[in-house]
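First up is the structure itself, then whatever we jot down about it.
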Ligand code: SAH
Ligand code: SF4
Ligand code: F3S
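Numbering (my numbering), first residue to last: 6 to 487.
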């Protein structure tokens, strides 16, 4: 990536209008302000970003951290130790929101003892006007609030917040902008998420994401390839291509590029060893994509294919644009082309109006597919979505009962799948020293399963062939072969 040198800016001049130059100017300015504050309090300022949401949210946090580091903050592991805490929020389900408010109270207590401390909130929850109102009414101690569309101008906002003693709020309704070449602080040296698109145009009836992440916009393939190439030059071996619906990548680009075409190009990047992507929407999963996956040696044999529900009636209400039969057909095609593919999913239980019959359709798909693993969610009403206006909410005890029944099957299938790999030889990427036992290191298989083997920190970031000796439910103890 072409990161700019902060020393080139004359801060006596006004900020340039063009991006990303403008943000680099503000990083240079923030650096002087952070240094002044550090001199005042007598130590290097520390910062911590907490991610509440999905992989895209996590990638955004890495962008914030990149800027924080460049302007002079030292990143610390614990919120308690930080002079600046940022909560990068999620609002996909009610409990995601509740967590944020709970923890804000705790941060307030810390801030009371540390007056120079700053607190910022950003992410999906901030795109909801009611939440901003709540913050203004009851959480006045928050210093900076921004949204998902203007995250790129964090350096500029930080300068304003450092100069102000009031809550600085900047939220945009939507954007068509993509600002490239801003700094990023990768969590892992050897693997990284890569945004290929932002936003979502699908408007599934239960889902808040299109409202808080805006319209779908794809990054240009050249920008994506350039970013991955520079990551690889920097030691990255595995990338996860990120988008709410990667299968509709490129539809708004001129000339149009398909996700399969992008994947083929990424596949050719020398030195890159593993490619993952997330999430695939069943309505747009093409034969071309399956063919590219089957041919590639780098694309992981894993497909996360959210089902949400198995009932055609509800799928229609959910605005998902596929049927149970179409979904099952896709699974069949995938398994035919890539016999050892791991298939995982997301399922929602208790969508308004869900009958026992609808639920049995979901169970039927689960029983036919035998997922490697499934994320199961209880439907959560999101204000502003079409489903929230429906009156026939399913009683809590009925939802709970269905949820438990589903979970039982999903667990049983997951365990059986995991068991079936025992004894096999797998290539794993070593990610870290085991947290409980320092004589072990932990790696991941192609299908994302976790394996622990004897080893040490020098192995982190390398690929190792292992034999899976024991299956412990959802992870393995392995033995090194190479
Ligand atoms: N873009 C992805 C999903 C993003 S949200 C896709 O379309 O598959 C991740 C998951 O959260 C969804 O797959 C869905 O299962 C779940 N989810 C979204 N909105 C929800 C809601 N209102 N209640 C419960 N679960 C929800
Ligand atoms: Fe939400 Fe549907 Fe978009 Fe996924 S595809 S983010 S579930 S609206
Ligand atoms: Fe949550 Fe936003 Fe991701 S609502 S799931 S953080 S896109």
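Beta carbons are placed, not taken as given, at the ideal position from N, Cα and C, and that holds for glycine.
Next on the checklist: For a test of the three-state rule: what should DSSP assign to residue 189, helix, strand or coil?
Outcome noted: coil
Checklist entry - Whose CA, out of 246, 108, 308, 121, lies closest to the CA of residue 89? => result In terms of CA proximity to residue 89, 121 leads the group 246, 108, 308, 121.
Checklist entry - Taking C-alpha atoms, which residue in 409, 198, 441 lies nearest to residue 65? => result 198
Checklist entry - Could you give the distance in angstroms between the alpha-carbon of residue 116 and the alpha-carbon of residue 396? => result Those two C-alpha atoms are separated by around 43 Å.
Next on the checklist: For residue 8 and residue 250, which I take to be in contact (beta-carbon distance under 8 Å), what is that distance rounded to the nearest angstrom?
Outcome noted: Residue 8 to residue 250, Cβ: 30 Å. No contact.
Checklist entry - At what residues does the beta strand (DSSP E) containing residue 437 begin and finish? => result 430 to 438
Checklist entry - What residue ranges within the stretch 245 to 282 form continuous alpha helix (DSSP H) runs of no fewer than 4 residues, ordered along the chain? => result 264 to 272
Checklist entry - Quick one: is residue 380 buried, meaning 16 or more other Cβ sit within 10 Å of its Cβ, or exposed? => result exposed
Checklist entry - What does the shell around ligand 2 hold, if a residue joins when its beta-carbon is under 6 Å from any heavy atom? => result 205, 207, 208, 209, 212, 214, 215, 249, 250, 286
Next on the checklist: Residues in the same chain with beta-carbon distance under 8 Å from residue 135, minus the five sequence neighbours each way, listed in chain order, please.
Outcome noted: 388
Checklist entry - Just reading off the beta strand (DSSP E) that residue 488 is part of, what are its end residues? => result Lying before the first or after the last residue shown, residue 488 is absent from the chain, which here runs from 6 to 487.
Checklist entry - So what does residue 200 bridge to, in DSSP terms? => result 247, per the DSSP bridge assignment.
Checklist entry - So residue 477 packs on residue 430, CB below 8 Å; how close in whole Å? => result Incorrect: roughly 18 Å between the Cβ atoms, too far for contact.
Checklist entry - Taking three-plus beta-carbon pairs below 8 Å as touching, is the stretch 140 to 150 in contact with the stretch 169 to 185? => result yes
Checklist entry - Looking at C-alpha atoms only, which residue of 356, 455, 412 is the closest neighbour of residue 385? => result 356
Next on the checklist: With H, G and I counted as helix, E and B as strand and the rest as coil, what does DSSP make of residue 313?
Outcome noted: strand
Checklist entry - Count the other CB atoms within 10 Å of the CB of residue 344; is the residue buried (16 or more) or exposed (fewer)? => result exposed
Checklist entry - ligand 1 heavy atoms versus the CB of residue 188: any closer than 6 Å? => result no
Item to check | Option nearest residue 450 by Cα separation, candidates 470, 462, 459, 465 | outcome: 470
Item to check | Complete beta strand (DSSP E) runs within the stretch 213 to 239 (minimum length 3 residues, chain order) | outcome: none
Next on the checklist: What does the alpha-carbon distance come out to for the pair residue 232 and residue 393?
Outcome noted: 39 Å
Checklist entry - For residue 56, which three-state DSSP category applies? => result Residue 56 falls in the strand class under three-state DSSP.
Next on the checklist: Within a Cβ cutoff of 8 Å, which residues of the same chain sit near residue 240, ignoring the five residues on either side of it in sequence?
Outcome noted: 194, 195, 466
Next on the checklist: Strictly by DSSP, which residues pair up with residue 488?
Outcome noted: No answer is possible for residue 488: it lies beyond the span of the chain, which begins at 6 and ends at 487.
Checklist entry - Between the C-alpha atoms of residue 29 and residue 23, what's the straight-line distance to the nearest angstrom? => result Near 10 Å, if we compare the C-alpha coordinates of residue 23 and residue 29.
Next on the checklist: Considering only the alpha carbon of each residue, which of 432, 265, 479 lies closest to residue 421?
Outcome noted: Restricting attention to 432, 265, 479, the CA atom closest to the CA of residue 421 is found in 479.
Item to check | Length of the line joining the Cα atoms of residue 81 and residue 50 | outcome: 10 Å
Next on the checklist: Taking 8 Å as the cut-off, does the stretch 157 to 165 touch the stretch 136 to 145 (at least 3 CB pairs, one atom from each stretch)?
Outcome noted: no
Checklist entry - Are there 16 or more other CB atoms within 10 angstroms of the CB of residue 279, so buried, or fewer, so exposed? => result buried
Item to check | Limits of the unbroken alpha helix (DSSP H) element including residue 475 | outcome: From DSSP, residue 475 is part of no alpha helix (DSSP H) but of the beta strand (DSSP E) over 468 to 476.
Next on the checklist: Quick check: what's the CA-CA separation for residue 36 versus residue 190?
Outcome noted: So the two alpha carbons sit approximately 17 Å from each other.
Checklist entry - Which residue or residues does DSSP assign as beta-bridge partners of residue 459? => result 445
Next on the checklist: Between which residues of its own chain and residue 154 is the CB-CB distance below 7 Å, once the five residues before and five after are set aside?
Outcome noted: 177, 179, 180, 219
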